[in-house]
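Step one of this worksheet: look at the structure below.
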Amino acid sequence: MNRTTLLTLLLTGWAGLILAQQQPENAGFETWEDVGLNTDEPFEWSSIKTSDNSFLNGLAPYVWDQSTDAHSGNYSVKLFNTPILTTVAAGIVTNGQIHADFNPENGYAFTNTADDRWNTAFTLKPDSLVLWAKYSPLGGDVAQAKAVLHTGTAQIPDPDQTNWLAIAQIDITSQTSTWTRFSAPFTYFNQGDPQYILFVLNAGGTSATANSTAWFDDVELIYNDALIDLTLFLQGPYLSNKVMSADLNPNMIPLAQPFNTAPWNYNGTESVVSLPSPDIVDWLLIEVRDANSAANATPATTVAKQAAFLLNDGSVVGLDGISRLAFPIYINENLFVVVHHRNHLPVMSANPLSKTNGEYVYDFSTGAAKNYGGTNAVVQLNLFGTQVWGMVAGDANADGVINTNDGVQLWYPQAGYSGYLQSDVNLDGQANNPDKNDYWFENLGKESQVPE
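For the sequence shown, numbering that gives the first Met the number 0 begins at 0 and goes up steadily by one.
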């Protein structure tokens, strides 16, 4: 019997970030109700003796059982197709409720939004469905596991797929004598947000053959890392033809991320033994926000942060100097990316990133409009040929505004020194007149357009 709870796993990510991933409760079928009675059911699951037809509930055969043959733990759920009068009742369990009918072809499982016992609230977008199963089929039967993300009420099966947003379906077609892992991806029909999830496990479907038997255990939803492939340029070290200098490499760039102080206060532990590439320009701090629009993508919507390396061709890579960035996150609404550098104004994607071939790709440099705030947020880096836009240099104190404080607090005290300096906005390892004249003076008055 379903009681509308959904287990949330808390995973610790970078910098103590807490990521919640919704999973079906009692996914291993370890907890049962009314054991020993003919209405015993796995907790949070139901079958044909607790359907929406109280008359048929008393006549319905027993098509499930608690089994001690388990993939893990002590129990699994055993489903078996049972003959009754002139038909066969399929072994079935659902986290919703069964609509029962004398004709099995008219039956279905459904989310009963009016009764909390028979629905499971769900708001995430998993990538795939995984479970472990054994199967002993007869007469061409196919065991199935289905998970449907939906809004409002929904049912399985449903040729019209009313209110469906996505489905994952596992078909087991042959004898499977040992516990075997099965998986299927979710196919999404649109970008809407789910309200519920409906699971159905069965041993044969509406055309079931008597005595086909299936065992299910350890149902799980998989959330893949979000792979993010970014391209951007910094004004200070930019040379030409989409290339930046890497003058700080290898002796001045620190081996640990430099964003652990104000104003970033990022306590991630990203570090390397040595710089993995001679093409590394500097560190960046990448922030992922989950919001319904760019204007609403404030710091409160941040779901992950990660320090990364910027290469001289504009690529943003992980600590190995090659890989795209991987974030163990899920996105409920839209994914926006904020990029921080220690002495350039931050930028945010003006548009939500969309997933293509399994990864999120975004190039901040191809147009001012790719950056939230447009030409107020970035600077054009070349005068001729294909436009290249980049992050604005000169915010030496990283307060989001380029003003006299950047010079008074940092450039003047550091002028003439060399090293990894906040006032070295062209990243050549020295605080000198080009930093002041070519960037700080030129960009006075500009400020961050990232929502705060």
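Beta carbons are placed, not taken as given, at the ideal position from N, Cα and C, and that holds for glycine. It should be emphasised that the depicted structure is a prediction, and the values quoted were computed from it without experimental measurement.
Taking all protein chains shown into account, decide if residue i is buried (16 or more other Cβ within 10 angstroms of its Cβ) or exposed.
| i | result |
| --- | --- |
| G151 | exposed |
| E104 | exposed |
| N73 | exposed |
| F258 | buried |
| T7 | Any reading at T7 must be qualified, since the residue scores a pLDDT of 43, below 50, and its modelled position is unreliable; the value itself is stated next. T7 should be labelled exposed. |
| L380 | buried |
| E24 | buried |
| P262 | exposed |
| N264 | exposed |
| V346 | buried |
| F54 | exposed |
| A299 | exposed |
| T11 | Low confidence applies to T11: its pLDDT is 35, below 50, so where it sits in the model is not reliable, and the reading given next is rough at best. Exposed, by the Cβ-count rule. |
| N1 | Residue confidence is low: N1 scores 45 on pLDDT, short of 50, so the model does not pin down where it sits. No coordinate-derived value is stated. |
| G138 | exposed |
| L164 | buried |
| A113 | exposed |
| A89 | buried |
| W439 | buried |
| A153 | buried |
| Y416 | exposed |
| I321 | exposed |
What are the partner residues of residue i, as DSSP defines its beta bridges?
| i | result |
| --- | --- |
| P412 | DSSP output for P412 lists no bridge partner at all. |
| Y187 | A165 |
| V287 | A303 and V336 |
| S75 | S66 |
| S348 | N370 |
| S127 | P184 and I221 |
| G389 | V378 |
| T355 | E358 |
| N201 | I91 and Q143 |
Measure the C-alpha to C-alpha separation of residue i and residue j and round it to an integer number of angstroms.
| i | j | result |
| --- | --- | --- |
| N111 | D278 | 58 angstroms |
| W388 | N94 | 51 angstroms |
| Q22 | E446 | 43 angstroms |
| F232 | L130 | 45 angstroms |
| N311 | E332 | 32 angstroms |
| N52 | S348 | 53 angstroms |
| D319 | N250 | 18 angstroms |
| I91 | L200 | 6 angstroms |
| D228 | A183 | 26 angstroms |
| N432 | T374 | 26 angstroms |
| V34 | S353 | 48 angstroms |
| L123 | P193 | 7 angstroms |
| L443 | A294 | 25 angstroms |
| H98 | T85 | 19 angstroms |
| N436 | I330 | 43 angstroms |
| Q408 | G357 | 45 angstroms |
| P450 | N396 | 19 angstroms |
| G203 | N210 | 10 angstroms |
| D68 | L197 | 25 angstroms |
| S127 | L220 | 6 angstroms |
| S45 | V87 | 19 angstroms |
For a test of the three-state rule: what should DSSP assign to residue i, helix, strand or coil?
| i | result |
| --- | --- |
| T403 | helix |
| T179 | strand |
| T93 | strand |
| D100 | coil |
| N223 | coil |
| I330 | coil |
| A14 | A caution first: A14 carries a pLDDT of 40, below 50, which makes its placement in the model too unreliable to give a value. |
| W439 | helix |
| W117 | helix |
| S46 | coil |
| P257 | coil |
| P41 | strand |
| P298 | helix |
| N431 | coil |
| L55 | helix |
| F232 | coil |
| T365 | helix |
| N105 | helix |
| S516 | As shown, the chain starts at 0 and ends at 451. That puts residue 516 outside it, with no answer to give. |
| I321 | coil |
Would you please state the rounded distance, in angstroms, between the beta carbons of residue i and residue j? I believe it to be under 8 angstroms.
| i | j | result |
| --- | --- | --- |
| P493 | A142 | What is shown of the chain runs 0 to 451, which leaves residue 493 out entirely. |
| D427 | D246 | 5 angstroms |
| V218 | A26 | 4 angstroms |
| T186 | I166 | 6 angstroms |
Against chain E, does residue i count as a neighbour if the rule is that its beta carbon must be under 8 angstroms from one of theirs?
| i | result |
| --- | --- |
| G72 | Absent from the structure is chain E; it holds one protein chain and no more. |
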